[in-house]
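What follows is one structure encoded as structure tokens, with my remarks underneath.
Numbering (our numbering), first residue to last: 3 to 503.
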């Protein structure tokens, strides 16, 4: 018999949460307000990627129930690895089971919220892991509580998780598990967790390499660990083939091997059939060319160098020459990961919700250095807000996009004839106000602040905000109220604009 959760147990869990998160009465109010805003975002703001992803897993599961197809064990239809696939298959399974007994439209308010909750669940695990890593880094208990509140209220953390609900928080969490294992000097778990993270999204390898180079100086061992870090990514391709062969034996069905896509040829749209392997290659190729877009002339006339590659290689060289027994070793580890992520996001033009993955290590790094905490939070807020504004204007269909109120609880606000593809959307209002004329200034500030963050957080740079304990508490409250207010204001603007016509 399953043990029932008794009232004292519930009180004990609540007390444990309070002990991990709450500092004082005002701080508890901040958490309550933030929780209400995040709940509203979760149940009212919509973006299609999460639904599209989980519907694929739903129909994979359905194929098993109706035909015995075992494609749910792993397939190459999505550019997501086996770790993410298995997690999403399990999360979707309750919907499949309920649909056996109750007839309902699969894409409805309840299922969309359930699908979004998957990433909220992982987000709570991410918070828990940040607390554990924070303790490893000897951050004080009170500062860890502030760190978690400020992390959760950062707009580029809250919206990717509670609004967009894409799977980036999943490999963020797994990467944190890898970082904690690294700090504990558990090499096997470190490599295993990062191999899983790379399976979820290949860009996790960018922060795996610095950690390998910080820990290992022997070339052959570096090569070994690098290969092992990509092992799940490689093995899952073999696994997909095995599943396909088993499927043929069991059902006589092949997994979907091709897809018809539209290509523009000589100015005309032409339907072209592409293998699923080629579709995935095209997907990776698209992002490969994006990350190498920023470049400058180098070495020989007619040749250029990718800025991202240059900066990452310089970082990797720095990691390799650091001493393993240095008193700054833990700082160097977090600094290397944080800087690697920042280099990627300011030079690769990735999807705007991927950026959630860089914030855990940046918050850990900032709170490791209380003497410069105020300066760091000012710069972090400047970076976050300017980067967010770039995303709003440049990827106008995502944050403040015309489809943001579809499906969920505020869809009734949409007027008849609302166009969920072409408008209205927040960027259109900003463009009418002439924001495009100052976007070069905004991006310049964002870049300058990014460089500032990298510089002032280097261990050899001395910065002191000269704060007393009382000053620090006031500043923490100030930043908390500010970030929560920014999130609330954005939510109101988003809803107000999208429901207009």
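Here a beta-carbon is modelled for each residue, glycine too, at the ideal position from N, C-alpha and C. As the structure is a computational prediction, the values presented were derived from the model and not from experiment.
Query: Where residue 300 sits in the DSSP three-state scheme; Result: coil
Query: Which of helix, strand or coil DSSP assigns to residue 306; Result: strand
Query: Where the alpha helix (DSSP H) containing residue 136 begins and where it ends; Result: 111–138
Query: Close Cβ partners of residue 30 (< 7 Å) along its chain, the five nearest in sequence each way excluded; Result: 24
Query: Residue 331, enclosing alpha helix (DSSP H) - first and last residue; Result: 331–349
Query: From 471, 233, 470, 327, residue whose alpha carbon lies closest to that of residue 187; Result: 327
Query: Residue 425 - partner residues in DSSP beta bridges; Result: 421
Query: Nearest neighbour of residue 215, chosen from 70, 193, 203, 198 [CA to CA]; Result: 193
Query: Cβ contact (3+ pairs, closer than 8 Å) linking the segment 158–176 and the segment 41–53; Result: yes
Query: Whole-Å CB distance - residue 489 paired with residue 160, under 8 Å assumed; Result: 6 Å
Query: Nearest neighbour of residue 93, chosen from 119, 108, 76 [CA to CA]; Result: 119
Query: Residue 52 in three-state terms, based on DSSP; Result: helix
Query: Best match in 389, 246, 494 for proximity to residue 407 [C-alpha to C-alpha]; Result: 494
Query: Burial state of residue 26 (16 or more Cβ within 10 Å); Result: exposed
Query: Continuous alpha helix (DSSP H) stretch holding residue 240: start and end; Result: 233–253
Query: Residue of 461, 241, 209 minimising C-alpha distance to residue 330; Result: 461
Query: Own chain residues within Cβ distance below 6 Å of residue 4, not counting five before or after; Result: Because the pLDDT at residue 4 is just 46, under 50, the model does not fix this residue reliably, and the value given afterwards should be weighed accordingly. Result list for residue 4: empty, nothing under 6 Å.
Query: Cβ neighbour criterion (16 or more within 10 Å) applied to residue 113; Result: buried
Query: Candidates 439, 376, 18: closest to residue 152 by CA position; Result: 376
Query: Beta-carbon proximity list for residue 132, same chain, < 6 Å, skipping 5 on both sides; Result: 362
Query: Span separating the alpha-carbon of residue 342 from that of residue 208; Result: 7 Å
Query: The segment 432–450 / the segment 390–399 touching (three or more Cβ pairs under 8 Å); Result: yes
Query: Cutoff 8 Å; reference residue 18; Cβ partners in own chain excluding five residues on either side; Result: none
Query: Exposed unless 16 or more other CB atoms sit within 10 angstroms - verdict on residue 38; Result: exposed
Query: Short Cβ contact (7 Å threshold) for residue 171 with residue 234; Result: no
Query: Cβ-Cβ distance between residue 297 and residue 84 below 7 Å; Result: no
Query: As assigned by DSSP and simplified to three states, the class of residue 72; Result: coil
Query: Check whether residue 212 and residue 338 have beta carbons under 7 Å apart; Result: yes
Query: Meets three-Cβ-pair contact criterion under 8 Å: the segment 199–208 and the segment 175–187; Result: yes
Query: Coil, strand or helix - residue 107 by DSSP; Result: coil
Query: Of the residues 497, 498, 499, 486, the one placed nearest residue 34, counting alpha carbons only; Result: 486
Query: Contacts around residue 383, its chain only, beta-carbon distance under 8 Å, and the 5 residues preceding and following it disregarded; Result: 481, 484, 485
Query: 4-residue-minimum alpha helix (DSSP H) runs that sit fully inside the segment 136–188, ordered along the chain; Result: 143–155, 157–160, 170–185
Query: Residue from 145, 402, 91, 137 with nearest C-alpha to residue 472; Result: 145
Query: Residue span of the alpha helix (DSSP H) that contains residue 465, given as start and end; Result: Looking at the DSSP string, residue 465 is not in any alpha helix (DSSP H), and its letter there is neither H nor E.
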